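If you want the numbering used here, it's the position in the sequence shown, counting the first as 1, plus 312.
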Amino acid sequence: MHIVRRYVRPFLLITIVALLTVVVVRTALAGTDTAPRDVDREIAARAEPTPGQQHDLTLRTPDGEWVGGLGLIEPARPESRLAPAIAGRIAAVHVEEGARVGAGTLLVELESGPEQAALAAAEAEVAVAEATLVRSRRGVRAEDLEALTSDAQAATTRAELSAGVLTRLEAASRGGGVTVDELERARRQADADRLGALTASARQRAGQSGRREDVLVAHAQLQAAIARRDQARAALDRLRIVAPVDGEILEVHFRVGEYVQPGGEEPLIVMGDTSRLRARIDVDERDVARVRAGAAARISVDAFPDRFFDGRVVEIGRRMGRKNVRSDEPTERIDTKVLEVVVELGEDARELIVGQRAMGYLAPAE
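Here's what the structure looks like:
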């Protein structure tokens, strides 16, 4: 045991001396504490982006002085996010993403069997009401009119005969050849036949021109039938989605057989006018005074890192708001306010995609 201790102590002493020697040598080689290292020089050479230019897009910056900000590519007009007016199951989708459609084009139909049957019944009621009105305006049928004419002629003939008999009896009564009772009966018969002739003539005239009251009733019935038809057509139209403007179908979120309802998280169809594109740029609040309408602008995107897309400022927001696009860099300021500036792009920007992130550079005001 004594022998082991005798050899261990020198070994520990030698080890400690060796470690101290290594520390002294490394300190001497490292130089002074204030001497910059290569890694320190690299960190110091990094330049922090100016406010409004923080982004994670690997893009080159145009020459000169610019006001920068992140943004998004969007259609020439705000997107239309279409949804049904009532809940239902999709029966047909008539368009695909990327299709260009005109205003009024039928895009989607929901199941509408009962509504179509109601519309057909309402259209039939309108046809019946129209025929009734025509008949009321024209009067009765030709056969009925002939019968009324014959009745009027017969009644007129009877009235004339009764009047002739009454005249002869009155002449005979002055000579005492006719009793008072016979004369009275002849007078009553003549009056009855005269009134019958007047009635038959009135029926004939009514049959030829139609009664004004009948025409009014028929017209009111037609208007009511048209209103019911329009109501049925409106109910059917609520189950059909049509394009509100000319544009391109950007997204279709539902397929045939799926159930949709208004107010859902996703619209049924998203469309927009992509005949020209715009870029909505977030300008930092510090640079708001340097932005003016009509100023030149340049847009760059990650997909085309070596190109700039020229444009001009067409809209400047009237209210500060939160950022629309974030770079997610640790150095990014998230508490700053931004002003939305819209840049209209030229024809060469048609290669860009709606929703694509972009970096905008705006010529500052003098």
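By construction, the Cβ of each residue, glycine as well, lies at the ideal position given by its N, Cα and C atoms.
As the structure is a computational prediction, the values presented were derived from the model and not from experiment.
Residue i - DSSP class collapsed to helix/strand/coil
| i | result |
| --- | --- |
| residue 622 | strand |
| residue 557 | coil |
| residue 582 | strand |
| residue 398 | coil |
| residue 508 | helix |
| residue 671 | strand |
| residue 425 | helix |
| residue 329 | helix |
| residue 322 | helix |
| residue 499 | helix |
| residue 463 | helix |
| residue 563 | strand |
| residue 601 | helix |
| residue 550 | coil |
| residue 542 | helix |
| residue 488 | coil |
| residue 335 | helix |
| residue 677 | coil |
| residue 393 | strand |
| residue 614 | coil |
| residue 608 | strand |
| residue 515 | helix |
| residue 362 | For residue 362, the predicted model reports a pLDDT of 46, less than 50, meaning its position is unreliable and no value from the coordinates is stated. |
| residue 470 | helix |
| residue 407 | coil |
| residue 661 | helix |
| residue 376 | coil |
| residue 524 | helix |
| residue 666 | coil |
| residue 634 | coil |
| residue 577 | coil |
Closest Cα partner of residue i within the set the options
| i | options | result |
| --- | --- | --- |
| residue 386 | 677, 676, 494 and 653 | 653 |
| residue 427 | 475, 552, 407 and 544 | 544 |
| residue 577 | 565, 569 and 432 | 565 |
| residue 610 | 440, 675 and 634 | 675 |
| residue 475 | 495, 606 and 463 | 495 |
| residue 441 | 332, 671 and 541 | 541 |
| residue 670 | 400, 620, 613 and 625 | 613 |
| residue 608 | 673, 335, 447 and 617 | 673 |
| residue 574 | 399, 605, 438 and 424 | 399 |
| residue 390 | 539, 332, 589 and 616 | 589 |
| residue 374 | 462, 546 and 618 | 618 |
| residue 392 | 615, 555, 570 and 491 | 555 |
| residue 477 | 429, 632 and 503 | 503 |
| residue 539 | 460, 430 and 570 | 430 |
Short Cβ contact (9 Å threshold) for residue i with residue j
| i | j | result |
| --- | --- | --- |
| residue 572 | residue 422 | yes |
| residue 583 | residue 413 | yes |
| residue 534 | residue 394 | no |
| residue 381 | residue 596 | yes |
| residue 557 | residue 397 | no |
| residue 581 | residue 603 | no |
| residue 501 | residue 464 | no |
| residue 562 | residue 666 | yes |
| residue 661 | residue 384 | no |
| residue 664 | residue 621 | yes |
| residue 264 | residue 513 | As shown, the chain starts at 313 and ends at 678. That puts residue 264 outside it, with no answer to give. |
| residue 498 | residue 510 | no |
| residue 388 | residue 587 | yes |
| residue 630 | residue 649 | no |
| residue 600 | residue 551 | no |
| residue 546 | residue 438 | no |
| residue 730 | residue 668 | Absent from the structure is residue 730, since the part of the chain shown begins at 313 and ends at 678. |
| residue 447 | residue 532 | no |
Opposing strand residues paired with residue i [DSSP bridges]
| i | result |
| --- | --- |
| residue 655 | 591 and 625 |
| residue 387 | 589 |
| residue 572 | 400 |
| residue 418 | 554 |
| residue 382 | 671 |
| residue 493 | None; residue 493 has no bridge partner. |
| residue 412 | 560 |
| residue 650 | 596 and 633 |
Contact belief for residue i with residue j at Cβ below 8 Å, rounded distance in angstroms
| i | j | result |
| --- | --- | --- |
| residue 656 | residue 626 | 5 Å |
| residue 402 | residue 624 | In fact, because the Cβ distance is near 42 Å, the residues do not count as touching under 8 Å. |
| residue 379 | residue 553 | Contact doesn't hold; Cβ gap of about 41 Å is too wide. |
| residue 449 | residue 471 | Rounded, the Cβ-Cβ distance is 31 Å, inconsistent with contact. |
| residue 559 | residue 585 | 4 Å |
| residue 424 | residue 548 | 6 Å |
| residue 484 | residue 490 | 4 Å |
Neighbour flag for residue i against chain C, beta carbons, 9 Å
| i | result |
| --- | --- |
| residue 528 | As a matter of chain content, chain C is missing from the structure shown, which is built from one protein chain. |
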